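Reviewing the structure listed below.
In the working numbering, the protein residues as written are 26 to 221.
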């Protein structure tokens, strides 16, 4: 009979995700992972497999949670426009928080791994597609509630929001001046509302 595990697998995955998000795949050592998760080497390998397997599981967990949070924000206000604005305001607040990893794990790994790793590239594409679809759904809702001009093509504007989001995340990763990110957000929101 197998011995029961004496650790929380979800918590270990969360700690590994934070570490990969902060340091990237290449800079994260097995020693780092063992310290962050509190697991022994045998427990880590028995549970998650290789470092790469753990990274892929962590990245997938990050992607699923991010889409869940995005969709929740995009339904959080009475109008789609206000919901989109609330989501981007949260992005800026997180970008300014010192205790959080900087930037977006997808953006970070798009630069680090996607150019030479097809499996990671596909995960990033799924993440970007999920975000684009969520934004497109919100813009369509905005057409219905009147908060976003009906002539704004939902798919095109969803891609614009997605690109803006990822640009802000890269700016956050470089710890750029906050007023620059505020300016990007102000222009994006005016454009979305049709004020430009």
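All C-beta atoms, glycine included, are put in the ideal place defined by N, C-alpha and C. Since we're looking at a predicted model, the values are computed, not measured.
Secondary structure at residue 78: helix, using DSSP grouped into helix, strand and coil. Within the model, the alpha-carbon separation for residue 33 versus residue 106 is close to 39 Å. Within the stretch 98-133, the complete alpha helix (DSSP H) segments at least 4 residues long are 105-121, listed from N- to C-terminus. Scanning its chain for C-beta atoms nearer than 7 Å, with the 5 sequence neighbours on each side dropped, one finds around residue 41 the residues 58, 61, 62, 79, 83, in chain order. Considering only 147, 134, 65, 211, the residue with the shortest C-alpha distance to residue 198 is 134. In the three-state reduction of the DSSP assignment, residue 194 falls in the helix class, which pools H, G and I. Contact between residue 117 and residue 38 is ruled out by a C-beta separation of about 27 Å, above the 8 Å threshold.
Contact check between the stretch 165-180 and the stretch 97-114: three or more CB pairs, one atom from each, fall below 8 Å, which counts as touching.
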